[in-house]
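Please read the structure below before turning to the comments.
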Amino acid sequence: MKIRVKVNGKPYEADVEPRTLLAYFLRETLKLTGTHIGCDTTTCGACTVLLDGKAVKSCTILAVQADGREVMTVEGLEKDGQLHPLQAAFWEEHALHCGYCTPGMLMASYALLQENPMPTEEEIRFGLSGNVCRCTGYMNIVKAVQSAARKLSVESREAVGEVATSGTAAD
Amino acid sequence: MFPNAFKYEAPASVDEAVRLLAEYGYDGKVLAGGQSLLPMMKLRVAAPAVLIDINGIDALQGWREVDGKLRVGAMTRHAELEHAAELRDKYPLFFQTARWIADPLIRNRGTIGGSLVHADPGSDWGAAMIALRAEVESRGPQGSRLIPVDEFFVDTFATALNEDELAVAVHVPSPKGPAASRYMKLERRAGDFAIAALAVHVALGNDGRVSEAGIGICACGPIPLRAAKAEAALIGRPLTEEAIVEASKLVPEDAEPADDLRGSAEYKRDVLRVFAARALRDIAKELQGKVGVQ
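As given, the protein sequences belong to chains A and B, one line each in that order. Just so we're aligned, residue 997 is where the first sequence starts under the numbering used here, counting upward by one. Just so we're aligned, residue 15 is where the second sequence starts under the numbering used here, counting upward by one.
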């Protein structure tokens, strides 16, 4: 079946078998291997991407279901060679060990901050409850999301002129 | 992992979907949110020859109140019901239940209709719809019908829907009088199916006595079950501590839990009793002062 999908802002057209899962379409057809496949049974969240802005498990959606829609993968976070504040925060707070869950953690965190820009620790843990890390636990992941939330809120206040200089970051 | 190959159909209307169901018969399987069906297909537990994807049918989305009932479209996603501010006051059991279903990512895809039709005894919506005395609206070649939830679940993974019928909505009666509800769930880990869960809905009449009592049991039998004895024990009485203790002891009598890796049957029965008491105490507190007599 022919499908047209916008991925990270770029339009793609491809011919896919109906049984192709979105995660495999992204990785094998589009060669966007940032999206990881972990458990393959809708449990771990490593394959999390945004479909029309909503965080979903791409191993449990057919590629044909993304026809005419927009997908954002972890490759879409970086802008002009600059890590997204969430990515930078994961780096700074050591929010990863082996890194396998990280793309999914980033995308789920991104979706969470879109809906709730300043979540509490409890809200972060609840929001990331569909993403499993088997290395280190969740302490530093939570810290990274909190740190990114603070940075993003300063950035957005600067953008509307509420913060005079960039030297007054809340953290 | 890949599913077996299948033919893919994506109807744009309910009529077209019903026609496809009639055309393909046993070979056809409806794809709603896909959060149970696609994993089953990947594990090759299910291998439908034709997948009829109803995600593109706008008429199956959203909710509205009609004739003293709330009608929720079958393709309404769990996350929408979790976040629907306008349903919180009058129909709180929807958000109370939705937030317990799997995890936020799955809730963005999974649907209330898909969950009910899948008829997993561990479905959170099953217990909640029992508590609210819902009806499932179906459409088939012969037209529409409303199936009371107590007749809808036939056995594990089996419903009263005919092969050529599509569940299009679920109807829930509006509460008459001040009402409150709770969804209580015990899981082994976040996002898991329940060890045991309980949905409780109570409305009070003008005299402060219980006029509506709905208690649905999740994951403790082949289908979602009604705690009918406990409901009967509450009707016509004020929600006193005595009534709460008496009713909560009756809840396990209508449960049929099995010993399994989630816990022993005895343990699950006790969880249900404790959940019933906690839920009813919370509800009594919430409804205090909402009617003249207490």
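All C-beta atoms, glycine included, are put in the ideal place defined by N, C-alpha and C. Everything numeric in this text was worked out from a predicted model, so none of it was measured.
For residue i, three-class secondary structure by DSSP
i, result
"residue 1146 of chain A", "helix"
"residue 148 of chain B", "coil"
"residue 97 of chain B", "helix"
"residue 1081 of chain A", "helix"
"residue 106 of chain B", "helix"
"residue 1021 of chain A", "helix"
"residue 1039 of chain A", "coil"
"residue 252 of chain B", "coil"
"residue 175 of chain B", "coil"
"residue 274 of chain B", "strand"
"residue 118 of chain B", "helix"
"residue 167 of chain B", "strand"
"residue 226 of chain B", "strand"
"residue 1115 of chain A", "coil"
"residue 243 of chain B", "helix"
"residue 15 of chain B", "coil"
"residue 1016 of chain A", "coil"
"residue 1065 of chain A", "coil"
"residue 1075 of chain A", "strand"
"residue 1138 of chain A", "helix"
"residue 265 of chain B", "helix"
Close-in-space but distant-in-sequence residues of the same chain around residue i (CB under 6 angstroms, 5 per side omitted)
i, result
"residue 160 of chain B", "149, 151"
"residue 1126 of chain A", "1041"
"residue 163 of chain B", "143, 144, 148"
"residue 1167 of chain A", "Note that residue 1167 of chain A scores 48 on pLDDT, short of 50, meaning its location in the model is unreliable; the coordinates nonetheless yield the value given after this. Contacts found: 1146."
"residue 249 of chain B", "224, 227"
"residue 199 of chain B", "114, 208, 211"
"residue 998 of chain A", "1011"
"residue 1136 of chain A", "1089, 1090, 1091"
"residue 1085 of chain A", "1140, 1143, 1144"
"residue 174 of chain B", "161, 165, 166, 168"
Host beta strand (DSSP E) of residue i (start-end)
i, result
"residue 236 of chain B", "From DSSP, residue 236 of chain B is part of no beta strand (DSSP E); its letter is neither H nor E."
"residue 129 of chain B", "From DSSP, residue 129 of chain B is part of no beta strand (DSSP E) but of the alpha helix (DSSP H) over 126–132."
"residue 1009 of chain A", "1006–1011"
"residue 78 of chain B", "77–80"
"residue 67 of chain B", "64–67"
"residue 22 of chain B", "21–23"
"residue 189 of chain B", "Here residue 189 of chain B belongs to no beta strand (DSSP E), and DSSP marks it neither H nor E."
"residue 43 of chain B", "42–45"
"residue 84 of chain B", "83–87"
"residue 208 of chain B", "208–218"
Whole-Å CB distance - residue i paired with residue j, under 8 angstroms assumed
i, j, result
"residue 1079 of chain A", "residue 1054 of chain A", "About 22 angstroms; that fails the 8 angstroms criterion."
"residue 186 of chain B", "residue 105 of chain B", "7 angstroms"
"residue 1014 of chain A", "residue 1060 of chain A", "5 angstroms"
"residue 182 of chain B", "residue 88 of chain B", "5 angstroms"
"residue 53 of chain B", "residue 1037 of chain A", "5 angstroms"
"residue 1028 of chain A", "residue 1057 of chain A", "Contact flag wrong, Cβ pair sits at about 15 angstroms."
"residue 1148 of chain A", "residue 1109 of chain A", "6 angstroms"
"residue 133 of chain B", "residue 297 of chain B", "Not quite, the Cβ-Cβ distance comes to about 28 angstroms (not below 8 angstroms), so this is no contact."
"residue 1151 of chain A", "residue 1138 of chain A", "Their Cβ separation, rounded to whole angstroms, is 20 angstroms, which puts residue 1151 of chain A and residue 1138 of chain A out of contact at 8 angstroms."
"residue 291 of chain B", "residue 136 of chain B", "In fact, because the Cβ distance is near 22 angstroms, the residues do not count as touching under 8 angstroms."
"residue 272 of chain B", "residue 261 of chain B", "Going by Cβ atoms, the distance from residue 272 of chain B to residue 261 of chain B rounds to 24 angstroms, so no, they are not a contact pair."
"residue 36 of chain B", "residue 178 of chain B", "5 angstroms"
Residues of its chain near residue i, where Cβ-Cβ distance is below 7 angstroms and the 5 sequence neighbours each way are ignored
i, result
"residue 1112 of chain A", "1119"
"residue 263 of chain B", "287"
"residue 111 of chain B", "138, 139, 142, 197, 213"
"residue 31 of chain B", "25, 66, 68, 71, 180"
"residue 123 of chain B", "47, 48, 49, 91"
"residue 1094 of chain A", "1131"
"residue 1004 of chain A", "1068, 1069, 1071, 1072"
"residue 308 of chain B", "Note that residue 308 of chain B scores a pLDDT of 42, beneath 50, so its modelled location is shaky; the value from the coordinates is reported in the next line. Closer than 7 angstroms at the Cβ level, and outside the excluded window around residue 308 of chain B, lie 222, 252, 302."
"residue 1064 of chain A", "1000"
Nonlocal neighbours in the same chain, by C-beta distance under 8 angstroms from residue i, ignoring five residues either side
i, result
"residue 145 of chain B", "107, 195, 213, 214, 215, 228, 229, 230"
"residue 16 of chain B", "56"
"residue 1074 of chain A", "1080, 1083"
"residue 1002 of chain A", "1008, 1065, 1066, 1067"
"residue 172 of chain B", "133"
Cutoff 9 angstroms: residue i Cβ touching any chain D Cβ
i, result
"residue 25 of chain B", "The chain inventory of the structure shown lacks chain D, comprising the protein chains A and B."
Alpha helix (DSSP H) segment containing residue i, residue limits
i, result
"residue 998 of chain A", "Where residue 998 of chain A is concerned, there is no enclosing alpha helix (DSSP H), although the beta strand (DSSP E) it sits in stretches over 998–1003."
"residue 157 of chain B", "Element bounds for residue 157 of chain B: not the alpha helix (DSSP H) but the beta strand (DSSP E), 157–162."
"residue 1125 of chain A", "Segment: none, residue 1125 of chain A is in no alpha helix (DSSP H) and carries neither H nor E."
"residue 285 of chain B", "279–301"
"residue 196 of chain B", "Unbroken run through residue 196 of chain B is the beta strand (DSSP E), 193–201; no alpha helix (DSSP H)."
"residue 56 of chain B", "51–56"
"residue 32 of chain B", "28–38"
Q.
Does the structure place the region 31–41 of chain B close enough to the region 77–95 of chain B that three or more beta carbon pairs sit under 8 angstroms?
A. no
Q | Contact the region 1093–1106 of chain A vs the region 1028–1047 of chain A: 3+ CB pairs below 8 angstroms | A | Three or more Cβ pairs closer than 8 angstroms define a contact, and the region 1093–1106 of chain A meets that threshold against the region 1028–1047 of chain A.
Q.
Does the region 1007–1023 of chain A come into contact with the region 1058–1075 of chain A, if we say contact requires no fewer than three beta-carbon pairs (one atom in each stretch) closer than 8 angstroms?
A. yes
Q | At least 3 beta-carbon pairs within less than 8 angstroms: the region 128–145 of chain B vs the region 200–213 of chain B | A | Taking a cut-off of 8 angstroms for Cβ pairs, the region 128–145 of chain B and the region 200–213 of chain B touch, as three or more such pairs fall below it.
Q: Examine the Cβ distances between the region 93–102 of chain B and the region 57–67 of chain B and report whether three or more of them are shorter than 8 angstroms.
A: Because the criterion of three Cβ pairs below 8 angstroms is not met, the region 93–102 of chain B and the region 57–67 of chain B do not touch.
Q) Touch check for the region 62–74 of chain B and the region 1023–1037 of chain A: three-plus C-beta pairs under 8 angstroms? A) no
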